[in-house]
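Input: a single structure, listed below in structure tokens.
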Amino acid sequence: MLILNRFCLAIAMMLFFAGNLPKVWAAELGEPPVLEARIAAGELPPMAQRLPDNPFVVDMPSLGKTHGKYGGTIRTLMASSKDIRMMTVYGYSRLVGFDGELNLVADILESFEVSEGRIFTFKLRKNHKWSDGHPFTAEDFKFYWEDVALHPELSRSDDSTEMLVEGKLPTFEMIDDLTVRYTWEKPNPLFLGSLAAPRPNMIFAPAHYMKQFHEKYQDKAALDKMVTESGERNWVSLFINKGRHYRPENPDLPRLDPWINLTAPPAEQFTFTRNPYFHRVDDQGLQLPYVDAVVVGISSAEIIPAKTGSGEADLQARYLRFSDYTFLKASAKAHDMNVALWQEGKGSQLAIFPNLNTSDEVWRGIFRDVRFRRALSLSIDREELNQQFFFGLGNVSANTVMPSSPLYEDEFANAWIEYDVDDANEMLDEMGLKMGPDGVRILPDGRPAEIVMEGAGNSEETDIAELLKGYWKEIGIRIFNRNIPIENLRRRNLSGETLLTLGVGLDLGLAVADLAPNELAPTSQAQANWPKWGNYFDSNKVSGEAPDLPEVTQLMDLFAQWSVSSSTEEREEIWGTMLGIYTDQVFTIGIVNGVMQPIVYRSKLKNIPSEGVFTFAPTAYFGTYYMDSFYFADE
Amino acid sequence: MINYLFYRLLAAIPTLILISMLIFAVIELPPGDYFETFLAEQEALGESVDPKKIEYLKETYGFDQPLPVRYVSWVAGMLQGDFGYSFEYELPVNEVIGSRVYMTMLVSFITIIFTWLIAFPIGIYSATHKYSWSDYGLTFIGLLGLATPNFLLALILMYFANVWFGTSIGHLMDARFIDQPISWEKFKSIVEHLVIPVIVIGTAGTAAMIRRLRANLLDELQKQYVTTARAKGVPPFKALVKYPLRMSLNFFISDIGSILPSVISGAEVVAIVLSLETTGPLLISALKSQDMYLAGSFLMMLAVLTVIGVLISDIALALLDPRIRLKGGRHR
Numbered sequence: 001m002l003i004l005n006r007f008c009l010a011i012a013m014m015l016f017f018a019g020n021l022p023k024v025w026a027a028e029l030g031e032p033p034v035l036e037a038r039i040a041a042g043e044l045p046p047m048a049q050r051l052p053d054n055p056f057v058v059d060m061p062s063l064g065k066t067h068g069k070y071g072g073t074i075r076t077l078m079a080s081s082k083d084i085r086m087m088t089v090y091g092y093s094r095l096v097g098f099d100g101e102l103n104l105v106a107d108i109l110e111s112f113e114v115s116e117g118r119i120f121t122f123k124l125r126k127n128h129k130w131s132d133g134h135p136f137t138a139e140d141f142k143f144y145w146e147d148v149a150l151h152p153e154l155s156r157s158d159d160s161t162e163m164l165v166e167g168k169l170p171t172f173e174m175i176d177d178l179t180v181r182y183t184w185e186k187p188n189p190l191f192l193g194s195l196a197a198p199r200p201n202m203i204f205a206p207a208h209y210m211k212q213f214h215e216k217y218q219d220k221a222a223l224d225k226m227v228t229e230s231g232e233r234n235w236v237s238l239f240i241n242k243g244r245h246y247r248p249e250n251p252d253l254p255r256l257d258p259w260i261n262l263t264a265p266p267a268e269q270f271t272f273t274r275n276p277y278f279h280r281v282d283d284q285g286l287q288l289p290y291v292d293a294v295v296v297g298i299s300s301a302e303i304i305p306a307k308t309g310s311g312e313a314d315l316q317a318r319y320l321r322f323s324d325y326t327f328l329k330a331s332a333k334a335h336d337m338n339v340a341l342w343q344e345g346k347g348s349q350l351a352i353f354p355n356l357n358t359s360d361e362v363w364r365g366i367f368r369d370v371r372f373r374r375a376l377s378l379s380i381d382r383e384e385l386n387q388q389f390f391f392g393l394g395n396v397s398a399n400t401v402m403p404s405s406p407l408y409e410d411e412f413a414n415a416w417i418e419y420d421v422d423d424a425n426e427m428l429d430e431m432g433l434k435m436g437p438d439g440v441r442i443l444p445d446g447r448p449a450e451i452v453m454e455g456a457g458n459s460e461e462t463d464i465a466e467l468l469k470g471y472w473k474e475i476g477i478r479i480f481n482r483n484i485p486i487e488n489l490r491r492r493n494l495s496g497e498t499l500l501t502l503g504v505g506l507d508l509g510l511a512v513a514d515l516a517p518n519e520l521a522p523t524s525q526a527q528a529n530w531p532k533w534g535n536y537f538d539s540n541k542v543s544g545e546a547p548d549l550p551e552v553t554q555l556m557d558l559f560a561q562w563s564v565s566s567s568t569e570e571r572e573e574i575w576g577t578m579l580g581i582y583t584d585q586v587f588t589i590g591i592v593n594g595v596m597q598p599i600v601y602r603s604k605l606k607n608i609p610s611e612g613v614f615t616f617a618p619t620a621y622f623g624t625y626y627m628d629s630f631y632f633a634d635e
Numbered sequence: 001m002i003n004y005l006f007y008r009l010l011a012a013i014p015t016l017i018l019i020s021m022l023i024f025a026v027i028e029l030p031p032g033d034y035f036e037t038f039l040a041e042q043e044a045l046g047e048s049v050d051p052k053k054i055e056y057l058k059e060t061y062g063f064d065q066p067l068p069v070r071y072v073s074w075v076a077g078m079l080q081g082d083f084g085y086s087f088e089y090e091l092p093v094n095e096v097i098g099s100r101v102y103m104t105m106l107v108s109f110i111t112i113i114f115t116w117l118i119a120f121p122i123g124i125y126s127a128t129h130k131y132s133w134s135d136y137g138l139t140f141i142g143l144l145g146l147a148t149p150n151f152l153l154a155l156i157l158m159y160f161a162n163v164w165f166g167t168s169i170g171h172l173m174d175a176r177f178i179d180q181p182i183s184w185e186k187f188k189s190i191v192e193h194l195v196i197p198v199i200v201i202g203t204a205g206t207a208a209m210i211r212r213l214r215a216n217l218l219d220e221l222q223k224q225y226v227t228t229a230r231a232k233g234v235p236p237f238k239a240l241v242k243y244p245l246r247m248s249l250n251f252f253i254s255d256i257g258s259i260l261p262s263v264i265s266g267a268e269v270v271a272i273v274l275s276l277e278t279t280g281p282l283l284i285s286a287l288k289s290q291d292m293y294l295a296g297s298f299l300m301m302l303a304v305l306t307v308i309g310v311l312i313s314d315i316a317l318a319l320l321d322p323r324i325r326l327k328g329g330r331h332r
């Protein structure tokens with residue numbers, strides 16, 4: 001219901017603007033200077049014809065932003081050419097997307113309508129065009145659905161879990177040129193969220209371009225020739241590589257993003273230039289993005305902080321860590337840069353995962369006793385860790401959602417985090433783990449309570465692990481730390497060889513009810529606290545083990561309920577219950593979250609909020625902060 | 001000579017087959033494969049990957065087939081000039097390496113010439129002025145260059161080059177010249193950026209070369225023909241260059257065997273620190289992520305170059321030094 005309300009509001013706002021706007025934005029506010037020559041030469045139509053009839057209006061004042069001007073190039077650095085996919089994330093042009101308040105709003109779509117949580121009707125903007133000027137219509141959805149998603153070979157490389165409800169795909173209808181509808185038999189709460197994801201679920205493709213690579217539309221001889229020329233294995237991989245949307249490697253692929261890549265890999269630098277047909281305008285009628293181009297330089301991760309500090313990036317956040325802050329701040333002045341501190345979006349910067357599926361029977365029994373997990377949590381001096389590593393700027397917290405998430409409750413964050421060694425010792429005594437003569441507790445089978453704690457982290461993680469070792473010595477648990485490559489760690493984990501592991505906390509620290517609570521229940525073998533149960537779920541009960549702990553089966557049930565829920569209120573309630581169980585049971589042990597992430601940007605680059613959360617999901621790093629609204633002010 | 005060449009070329013075949021097997025086995029040795037690395041990396045970022053997609057990728061790249069089959073298809077491909085497919089770049093290996101090979105050769109050639117220019121005079125000087133203060137002093141500096149960790153030197157030089165001369169950090173040219181046609185400005189930028197890698201990579205090689213040249217030359221200088229030449233009144237410079245220096249150059253010729261592959265690979269660690277667009281970092285990251293065919297094919301190229309280089313240096317030695325016999329040992 002809430003979605004519907006928000007949706008109505010969005011529509012109302014849009015109609016309001018639509019009524020007033022065309023005159024304004026068609027007025028003489030001007031074309032981007034960089035396009036003027038091409039417009040004069042007749043290569044590009046004027047702005048009024050490039051924009052959809054009803055463009056997406058970014059109301060700058062209501063977002064606390066200022067009106068910008070055209071021009072300039074943003075330089076930023078990435079560590080590998082694979083990282084150019086971040087431009088798809090930063091650009092954040094989605095069918096529906098999250099706005100600044102984490103509400104789902106229509107973006108590429110003009111409007112969307114959901115009924116019974118299972119019938120999704122999407123309406124496109126009239127006269128919306130691909131970056132090559134070809135109309136973007138329902139035909140592009142139809143092509144994708146019929147010739148890609150349902151194609152026996154092409155569909156295999158397709159991420160489609162969100163499209164399945166109890167194993168069934170929706171029925172697709174093309175109602176008219178601008179309207180499409182997806183209908184499932186049961187509600188699909190994942191669908192809208194997946195369209196708004198940083199890595200979006202693509203349900204359309206530029207049919208006019210992609211058809212030339214499809215066996216159905218291209219004659220075999222011509223297709224074979226293209227396959228040979230490109231060095232691909234067959235037409236399927238040709239089609240997939242040419243049409244790869246998330247990583248924008250193909251400069252010829254028509255797109256809907258604010259900036260379009262012009263450089264084919266391999267390259268050391270990728271230039272993204274403005275999409276003349278981008279569908280957003282500011283409230284004064286200037287077409288977004290303000291900035292003409294984004295140049296992505298490829299460097300090694302090790303020297304990115306140094307390069308940033310020497311003024312070689314106009315906007316940089318990735319590969320900068322809080323430990324670089326003082327250096328960046330010191331060099332910012334010399335290069336006319338600003339350093340803002342945003343928060344990271346993990347549920348906990350570092351979390352400890354007791355493996356409930358470990359092969360060691362004695363330890364397994366102990367880990368499954370909630371008193372043990374709580375004792376481990378209570379004996380950590382989080383305040384000290386926060387001071388020591390994060391200048392006290394983080395929030396001490398259990399591994400749960402951050403205060404800026406709408407689902408946040410104090411009781412989740414504060415569950416079993418007060419520093420109380422006596423309480424912890426009492427709990428362990430109660431469990432019957434007797435203290436040995438050397439200050440190490442004795443396990444039921446007579447072994448000393450010694451644990452190898454494994455991690456795959458950086459030096460900060462290793463340092464924290466050393467302090468944890470000290471804390472747990474106080475409660476009679478001896479820890480040995482060990483660092484191994486992440487792939488090996490995961491493999492050891494899944495086979496039950498690990499006891500305690502270190503890793504990052506929940507990815508969705510900024511969770512909203514419309515995103516799946518899959519991290520709170522065993523749903524993936526990558527979850528280090530219950531890898532075998534997670535494997536049981538993600539292998540469709542083929543491998544792994546079925547959960548047998550009552551609280552965990554309850555989480556599974558709740559997750560299943562969420563997966564068929566039809567309203568946001570219902571989902572909010574499920575999220576709340578799950579977070580309550582998860583934190584009270586201390587299935588993972590969190591330390592601090594909301595740790596600072598430095599954002600370095602040129603002082604004249606405006607509209608970058610001084611505070612924010614820099615995280616992949618759900619805010620797509622700069623995505624929901626509208627990177628297309630960043631602009632260079634005059635000196 | 002022809003027979004010898006034929007024999008050596010024939011012997012190279014089993015050597016290369018053995019090397020190819022070793023390379024394949026070593027890359028396969030660590031548990032897991034590229035796709036696991038890929039999966040872990042994606043998930044670390046918060047991106048989820050459908051297991052179905054991994055399965056698809058494995059199948060497309062032939063990972064569902066048993067090891068020997070993959071090995072044979074890899075080798076067969078290489079014989080036809082197809083070095084396989086890089087998973088990481090999703091491009092044919094030829095293209096990935098090809099894009100970097102020229103820059104690598106440029107850096108390597110200049111470095112080698114730099115090393116020679118420094119090492120030769122110092123080596124000769126140290127040998128002719130042995131046990132003098134200048135000998136000790138120069139040797140000390142040379143050894144200092146050898147002993148300083150390259151990456152550390154690279155970082156320090158990079159920092160000062162940036163602070164004092166405003167040279168942009170890392171890479172082989174200023175970012176604004178990438179993809180631009182060559183111009184005087186671009187050339188200047190490349191030269192500016194070449195200074196640090198050449199010095200850093202060069203210093204390490206210099207010390208070794210100084211020591212070897214000095215030792216070889218000292219051996220020769222003590223021989224009687226030198227004394228005789230001097231006694232007969234041959235000018236000192238000629239008495240040095242005409243025979244002893246030439247005799248002591250054998251080590252230099254046999255070095256060609258190792259120079260050839262290093263021209264292509266460049267110095268890996270320094271290149272990573274300086275973020276150079278050479279093949280070294282490519283190889284390291286491919287090995288780390290188990291990007292099978294990129295790493296394997298590249299190592300294989302290096303192996304082939306080593307074999308050829310050794311052959312060339314053997315032949316050159318035989319031509320330059322009549323005392324070395326091609327048939328030695330084989331027909332005994």
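From first to last, the protein sequence lines stand for chains H and D. Be aware that the first sequence starts at 1, since it is given in our numbering, and climbs by one per residue. Be aware that the second sequence starts at 1, since it is given in our numbering, and climbs by one per residue. The beta-carbon is built from N, C-alpha and C at its ideal position, and this holds for glycine as well.
Nearest to residue i (by Cα), restricted to the options the options
| i | options | result |
| --- | --- | --- |
| H/Ala465 | H/Ile475, H/Glu474 and H/Phe480 | H/Phe480 |
| H/Glu545 | H/Gln218, H/Ser565, H/Gly534 and H/Ser563 | H/Gly534 |
| D/Phe38 | D/Leu57, D/Ile2 and D/Ile312 | D/Leu57 |
| H/Glu185 | H/Met202, H/Val165, H/Pro251 and H/Ile486 | H/Val165 |
| D/Ile201 | D/Met21, D/Gly166, D/Leu260 and D/Ser108 | D/Ser108 |
| H/Gly446 | H/Gly436, H/Glu454, H/Gly64 and H/Val452 | H/Gly436 |
| H/Asn593 | H/Pro403, H/Leu467, H/Glu426 and H/Thr179 | H/Pro403 |
| H/Val180 | H/Leu150, H/Ser194, H/Glu139 and H/Tyr209 | H/Glu139 |
| H/Ile304 | H/Pro598, H/Tyr536, H/Met431 and H/Tyr621 | H/Pro598 |
| H/Met627 | H/Asn607, H/Val613, H/Glu611 and H/Gly612 | H/Asn607 |
| H/Leu508 | H/Gly68, H/Arg318, H/Ala617 and H/Asn275 | H/Ala617 |
Whole-number beta carbon distance between residue j and residue i, since they are thought to touch under 8 Å
| i | j | result |
| --- | --- | --- |
| D/Arg100 | D/Leu282 | 6 Å |
| H/Val89 | H/Pro206 | So it is not a contact: roughly 20 Å between Cβ atoms. |
Alpha helix (DSSP H) segment containing residue i, residue limits
| i | result |
| --- | --- |
| H/Met47 | Met47 to Arg50 |
| H/Trp636 | Nothing about residue 636 of chain H can be read from this structure; chain H reaches only from 1 to 635. |
| D/Thr279 | Thr279 to Lys288 |
Residues bridged to residue i [DSSP beta-bridge criterion]
| i | result |
| --- | --- |
| H/Leu104 | H/Phe98 |
| H/Pro206 | For H/Pro206, which the question treats as bridged, DSSP gives no partner whatsoever. |
| H/Val294 | H/Ile74 and H/Phe272 |
| H/Lys129 | H/Pro135 |
Classification of residue i by the beta-carbon crowding that lies within 10 angstroms, buried from 16 upward
| i | result |
| --- | --- |
| H/Gln212 | exposed |
| H/Val105 | buried |
| H/Ser565 | buried |
| H/Lys307 | buried |
| H/Gln269 | buried |
| D/Lys134 | Looking at the sequence itself, residue 134 of chain D is Ser, so the reference to Lys does not match. The residue in question, D/Ser134, is exposed, as its Cβ has fewer than 16 Cβ neighbours within 10 Å. |
| D/Leu5 | exposed |
| H/Gly470 | exposed |
| D/Pro14 | exposed |
| H/Met1 | Summary for H/Met1: the model assigns pLDDT 42, below 50, so the residue's position carries little reliability, and this model does not support an answer. |
| H/Thr523 | buried |
Start and end residues, beta strand (DSSP E) containing residue i
| i | result |
| --- | --- |
| H/Thr400 | Where H/Thr400 is concerned, there is no enclosing beta strand (DSSP E), given that its DSSP letter is neither H nor E. |
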